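Working notes for the structure below.
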Amino acid sequence: MVMSMHKLTVGAVRDRRISVIVARSIPLPKGTTKREPHWLRAEQLGKLADAMPPNCRPVVLFLGLAGCRFSEMCALRVDDVVQTPHGLGVRIHRAAPQSKRTSGAIFGPTKTHQTRTVPVPPTLETYVRDRIENAPSGSYLFPSPTGAIWTNTNFRVRSRWTETTQSVGLAGTTIHDLRHTAASLLIAAGADVKAVQMILGHATATMTMDLYGHLFSEAPRVAMERMPMFPEKPASRGDRE
0 MVMSMHKLTV
10 GAVRDRRISV
20 IVARSIPLPK
30 GTTKREPHWL
40 RAEQLGKLAD
50 AMPPNCRPVV
60 LFLGLAGCRF
70 SEMCALRVDD
80 VVQTPHGLGV
90 RIHRAAPQSK
100 RTSGAIFGPT
110 KTHQTRTVPV
120 PPTLETYVRD
130 RIENAPSGSY
140 LFPSPTGAIW
150 TNTNFRVRSR
160 WTETTQSVGL
170 AGTTIHDLRH
180 TAASLLIAAG
190 ADVKAVQMIL
200 GHATATMTMD
210 LYGHLFSEAP
220 RVAMERMPMF
230 PEKPASRGDR
240 E
């Protein structure tokens, strides 16, 4: 519609019916192309984490295995670590939205306004236990090198994100791709759609299926491979005759 108006007014100016092209002040609509989810294989995630500076490695592993949003990870404090019947977990109940208008941390609810408890990935249990035992109450669970809260910009700078991803052959990988990576690894490990929804914090299981439904095609095979094995019973003489 904007383009049509522009063409009409150009003609009107040419014919001296009007003196101004009104459509020039109207912003053109932005494209609606959405980037497809991209995820890393387990070995790629490990390679990326190992290439990170010490303070950035736990962040990459947590995002790539626990699948929380970057803003949720930023807001986590040592007091959010809880002991569950199945091991350590982190209670995700707030987020630190990234804003270019403010320099300080602004906390708010999670995207879905819901609280969830996510299991601590086994590979990070030692790190998490060390933080809750040695860091003062109120400290960030995943602090920046100065002990402050991470921001998207600060993390990209400190981790040298663009250069580091390129150095391990993962150019173009985004921080949000780590969330997709966690989803794909959970599904590959045999997690059902409700478990993935709960861990990632999706509002509905339908949303999880819309994003990752095609990855569940391997779930029946994975489940069958994990069924108990029973050795074949040798046939008795009576059975053979």
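As numbered in numbering that gives the first Met the number 0, residues 0 to 240 make up the sequence shown, in order. Beta carbons: idealized from backbone N, C-alpha and C, even for Gly. Note that the structure is a prediction, hence the values are computed from the model and not measured.
query: Unbroken stretches of the alpha helix (DSSP H), 4 residues or longer, contained in the segment 110-161; result: 124-133, 151-158
query: Distance, Met-208 Cα to Leu-214 Cα; result: 9 angstroms
query: Residues bridged to Ile-198 [DSSP beta-bridge criterion]; result: The partner list for Ile-198 (beta bridge, DSSP) is empty, contrary to what the question assumes.
query: Residue burial classification, Met-72 (beta-carbon count within 10 angstroms, cutoff 16); result: buried
query: Reference Ala-119, options Leu-62, Pro-53, Gln-165, closest by Cα; result: Correcting the residue type first, residue 119 is Val in the shown sequence and not Ala. That would be Leu-62, whose Cα lies nearest to the Cα of Val-119.
query: Close Cβ partners of Trp-160 (< 8 angstroms) along its chain, the five nearest in sequence each way excluded; result: Phe-154, Ile-174
query: For Leu-185, three-class secondary structure by DSSP; result: helix
query: Residue from Leu-199, Pro-233, Pro-142 with nearest C-alpha to Pro-53; result: Pro-142
query: Pick from Gly-168, Ile-131, Asn-151 that is closest to Leu-44, judged by C-alpha positions; result: Gly-168
query: Nearest neighbour of Asp-79, chosen from Gly-86, Ser-70, Arg-90, His-85 [CA to CA]; result: Arg-90
query: Neighbour-count burial assignment, Val-156, 16 or more Cβ in a 10 Å radius; result: exposed
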